[in-house]
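Chemist:
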Amino acid sequence: MKKLKYLVLHCTDTPVGRVVSKEDIDHWHMSPVAKGGRGWSRPGYSDMIGLCGELVNLRPYDQDEFVQKEERTWGARGYNAISRHVVYAGGKGGDTRTDEQLATMFFYCHYFVRRHPDAKIIGHNQISSKSCPGFDVPAWLRSIGIDEKHIVEGKLV
Numbered sequence: 003m004k005k006l007k008y009l010v011l012h013c014t015d016t017p018v019g020r021v022v023s024k025e026d027i028d029h030w031h032m033s034p035v036a037k038g039g040r041g042w043s044r045p046g047y048s049d050m051i052g053l054c055g056e057l058v059n060l061r062p063y064d065q066d067e068f069v070q071k072e073e074r075t076w077g078a079r080g081y082n083a084i085s086r087h088v089v090y091a092g093g094k095g096g097d098t099r100t101d102e103q104l105a106t107m108f109f110y111c112h113y114f115v116r117r118h119p120d121a122k123i124i125g126h127n128q129i130s131s132k133s134c135p136g137f138d139v140p141a142w143l144r145s146i147g148i149d150e151k152h153i154v155e156g157k158l159v
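For the sequence shown, the tail end lands on 159 under this note's numbering, and the numbers increase by one without skipping.
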């Protein structure tokens, strides 16, 4: 069990308007490789923000300041033991967040920093070579009034 340090923002890398379900995420991540999945034992994200702004839990967790082994998700190698991962449906080709997704992500991020005052929010692209989540996370966080102490500028790797 390690202390929660990061909220990592992701995208599903799906086209504009493509509905993504919990079952889709489970299939993509946990189905055998031979059946189009990654063969993981659990999904890559704790929560998903759907096109209409609905928040879907993908892996149960409590609200304490620690990441229990059973709460871990496989969102970013090397960071899973100290992070919570949230994904929005979309992101293929750039920032495709709907107004509803933006509203949910706004509240999600603000709630997260209130619950975890020492944690930071980062984009997946800040800890890997991926373009995910398709937008500049530090700039967006500033635009919604997240305090600088929760923002990481540039890459962590």
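For glycine and all other residues, C-beta sits at the position ideal for the given N, C-alpha and C.
Could you name the residues of the same chain whose beta carbon sits closer than 8 Å to that of P34, not counting the 5 residues immediately before and after it, in chain order?
Modeler: Numbered from 1 along the sequence shown, position 32 holds the residue referred to as residue 34. Closer than 8 Å at Cβ, skipping near neighbours: G41.
Chemist: Please identify the residue among V88, C111, C13, W76 whose C-alpha is closest to the C-alpha of N59.
Modeler: In the sequence shown, residue 59 corresponds to position 57, counting from 1. Of the candidates V88, C111, C13, W76, the one whose C-alpha sits nearest the C-alpha of N59 is V88.
Chemist: Quick check: L11 and G95, are their CB atoms within less than 8 Å of each other?
Modeler: Here residue 11 is taken as the residue at index 9 of the sequence shown, counted from 1. Here residue 95 is taken as the residue at index 93 of the sequence shown, counted from 1. Against a cut-off of 8 Å, the Cβ pair of G95 and L11 comes out as no contact.
Chemist: Need the endpoints of the alpha helix (DSSP H) that D49 sits in, please.
Modeler: As a working note, residue 49 is residue 47 in the sequence shown. Careful: D49 lies outside any alpha helix (DSSP H), inside the beta strand (DSSP E) at 49 to 51.
Chemist: Return helix, strand or coil for H12, following the three-state DSSP convention.
Modeler: By 1-based counting over the sequence shown, the position of residue 12 is 10. Three-state result, H12: strand.
Chemist: By the 10 Å Cβ neighbour count, where 16 or more other Cβ atoms means buried, how is V139 classified, buried or exposed?
Modeler: In the sequence shown, counting from the first residue as 1, residue 139 sits at position 137. Counting Cβ neighbours within 10 Å, V139 comes out buried, since at least 16 surround it.
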